[in-house]
Amino acid sequence: MQTIQELLATKPNSHQTQYVDTVEAYDKWAEVYDTDGNFLQRLDTIEMRSLLPQFIDWVSKRFPDTDSETSGPTLVDLGCGTGRNTIQLLSALFTAGKASYYTVIGLDASRGMLDVARTATREYAKSVTQTPDIELGIFDLLQPEVSMAQLPSSLQGVGAAGVISTLVLEHIPLELFFAAAAGIMRSGGYLLVTNMHSEMGMRSQAGFTDRRGVKVRPTSYCHAIPDVLDVAKKAGFEVEEVVSAGADGVVVRGVDEQLGDVLGARAKKWVGVGVWFGVCFVKRG
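Below, the structure written as structure tokens:
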């Protein structure tokens, strides 16, 4: 599978770029990840405000309060990073009146990112009257066999009722990602995935500029939506259509002039380009 950096190597680049291991890149990025003006993260945050309530509603209906688990079902933020969407998930659970029912687990391969997430989730918990039980831990999607043995006990038995994974898929071969997601989920569980659109991936990838002015980039892959849907199906997932999805069940967002104004100056060069997509799956069997 060709990586985005291999694709971009054939194109002129006026900036000094350093490609490093994905985990190393995110360890370095952690300190400024939430403040460096990445418009795709901002767009993802906006879209998750409408996707998460639907996700929680589906999980709650399939695994209601009469569930036999004494601690309630488990929800996982797979590749939680700094906890940006872990906190959105916690907030959505609070709004839905489900804050005391679920256990929420954030998993990531980067210890640097998890350190930021611990602080962020701790501060969030102080701001509300109720939060789910929250646990953060290491999980490397590129080494799932090793990581499976390190999972929290709540995921080693029945598995997660729901998993969100946002802007993570770019860094993982599709077969590895969906096999790992299926491996931590229970039958009938929901998987909500967002990612950079391949139209953007043909021209750019995740990364940040460090203090030296060097662009630091991890390994990335340009995943087209049909390939994502095909591999997910082979791994035992079916698409669950969300509000505003297209005929294939996928929500796609491009940048127009109005959205560019909302997302900031860095988004405006992407007007007319698909930059983001989101899709929800249910695990069969």
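For what it's worth, the UniProt record's numbering labels the leading residue of the sequence shown as 1, then goes sequentially.
Cβ atoms here follow ideal geometry from the backbone N, Cα and C, with glycine treated the same way.
Hey, could you find the ends of the beta strand (DSSP E) Glu170 is sitting in?
The residue labelled residue 170 in the question sits at position 170 within the sequence shown. From DSSP, Glu170 is part of no beta strand (DSSP E); its letter is neither H nor E.
Taking only three categories from DSSP, how would you classify Glu123?
The residue labelled residue 123 in the question sits at position 123 within the sequence shown. The answer is helix: DSSP assigns Glu123 an H, G or I state.
Which same chain residues end up closer than 8 Å to Gln16 when comparing Cβ atoms and leaving out the 5 residues on each side of it in sequence?
On the sequence shown, position 16 is the one that residue 16 refers to. The beta carbon of Gln16 is closer than 8 Å to those of Gly213, Val214 and Lys215 in its chain, skipping five residues each way along the sequence.
Cβ of Leu263 within 8 Å of Cβ of Val255?
Residue 263 sits at position 263 when you count from the first residue of the sequence shown. Residue 255 sits at position 255 when you count from the first residue of the sequence shown. For Leu263 and Val255, yes; Cβs fall inside 8 Å.
Could you tell me whether the Cβ atoms of Gly83 and Val116 are closer together than 8 Å?
Here residue 83 is taken as the residue at index 83 of the sequence shown, counted from 1. Here residue 116 is taken as the residue at index 116 of the sequence shown, counted from 1. In contact: Gly83 and Val116 (Cβ atoms closer than 8 Å).
Spatial distance of Leu267 from Ile46 (CA atoms)
Locating residue 267 in the sequence shown gives position 267, where the first residue counts as 1. Locating residue 46 in the sequence shown gives position 46, where the first residue counts as 1. A quick correction: the sequence has Ala, not Leu, at residue 267. Going from the Cα of Ala267 to the Cα of Ile46 covers about 14 Å.
Could you tell me the distance, in whole angstroms, from the CA atom of Leu78 to the CA atom of Phe139?
Residue mapping note: residue 78 aligns to position 78 of the sequence shown, counting from 1. Residue mapping note: residue 139 aligns to position 139 of the sequence shown, counting from 1. Distance between the alpha carbons of Leu78 and Phe139: 8 Å.
Does the structure place the segment 140-158 close enough to the segment 50-63 that three or more beta carbon pairs sit under 8 Å?
The segment 50-63 vs the segment 140-158: no contact.
Inside the segment 47-96 only - beta strand (DSSP E) runs reaching at least 3 residues
For the segment 47-96, whole beta strand (DSSP E) runs of length 3 or above, ordered along the chain, are 74-78.
Burial state of residue 288 (16 or more Cβ within 10 Å):
Not covered by the structure: residue 288. The range shown for the chain is 1 to 285.
Counting along the chain, where does the beta strand (DSSP E) carrying Trp276 start and finish?
Along the sequence shown, one-based indexing puts residue 276 at 276. Gly274 to Lys283 is the span of the beta strand (DSSP E), which, as asked, contains Trp276.
Can you tell which of Ser91, Thr3, Trp29 and Ser110 has its C-alpha closest to the C-alpha of Arg211?
Within the sequence shown, residue 211 is the residue found at index 211, counting from 1. It is Trp29 whose Cα lies nearest to the Cα of Arg211.
Would Lys98 be called buried (16 or more neighbouring beta carbons within 10 Å of its own) or exposed?
Start at 1 with the first residue of the sequence shown, and residue 98 comes out as number 98. Lys98 comes out buried.
Under the three-state reduction of DSSP, which class applies to Met1: helix, strand or coil?
Translated into positions along the sequence shown, residue 1 becomes position 1. Reduced to three states, the DSSP call for Met1 is coil.
Comparing C-alpha positions only, which one of Arg49, Glu123 and Asp21 sits nearest to Val242?
As a first step, residue 242 must be located in the sequence shown, where it is residue number 242. Of the listed residues, the one whose Cα sits closest to Val242 is Arg49.
Considering only the beta carbon of each residue, do Ala206 and Glu170 sit closer than 8 Å?
By one-based count along the sequence shown, residue 206 stands at place 206. By one-based count along the sequence shown, residue 170 stands at place 170. Contact flag set, yes.
Straight-line gap, Phe277 to His197 (C-alpha atoms, nearest Å):
Translated into the one-based positions of the sequence shown, residue 277 becomes position 277. Translated into the one-based positions of the sequence shown, residue 197 becomes position 197. Rounded to whole angstroms, Phe277 to His197 spans 6 Å at the Cα level.
What is the DSSP secondary structure of Arg211, reduced to helix, strand or coil?
For the purposes of this step, residue 211 is identified with residue 211 of the sequence shown, where counting begins at 1. Of the three classes helix, strand and coil, the one that applies to Arg211 here is coil, per DSSP.
Assuming Ala245 and Phe281 form a contact by the criterion Cβ under 8 Å, report the distance between their Cβ atoms to the nearest whole angstrom.
Taking the sequence shown and counting its residues from 1, the one referred to as residue 245 is at position 245. Taking the sequence shown and counting its residues from 1, the one referred to as residue 281 is at position 281. About 12 Å separates the two Cβ atoms, so there is no contact after all.
So for Ile184, helix, strand or coil by DSSP?
Position 184 of the sequence shown, counted from the start, is the residue given in the question as residue 184. Looking at Ile184 - three-state DSSP - the assignment turns out to be coil, as it is neither helix nor strand.
Which partner residues of Gln143 appear in the DSSP bridge assignment?
If you number the sequence shown from 1, residue 143 lands on position 143. Gln143 is bridged by DSSP to nothing; it lacks a bridge partner.
Identified DSSP bridge partners for Met196
On the sequence shown, residue 196 is found 196 positions in, with the first residue counted as 1. DSSP lists Trp276 as partners of Met196.
Measure the alpha-carbon distance for Tyr190 versus Gly272 and round it to whole angstroms.
Here residue 190 corresponds to residue number 190 of the sequence shown, with the count starting at 1. Here residue 272 corresponds to residue number 272 of the sequence shown, with the count starting at 1. Approximately 31 Å between the Cα atoms of the pair.
What residue range is occupied by the uninterrupted alpha helix (DSSP H) comprising Gly260?
Working through the sequence shown from its first residue, we reach residue 260 at position 260. Taken as a continuous stretch (DSSP letters only), the alpha helix (DSSP H) holding Gly260 covers Glu257 to Leu263.
Please go through the same chain and pick out, in chain order, the residues whose beta-carbon is closer than 7 Å to the beta-carbon of Asn85, but skip the five residues on each side of it.
To locate residue 85, count along the sequence shown from 1; it is residue 85. Around Asn85, the same chain offers Met48, Asp77, Ile164 and Thr166 as residues with beta carbons nearer than 7 Å, after the five sequence neighbours per side are excluded.
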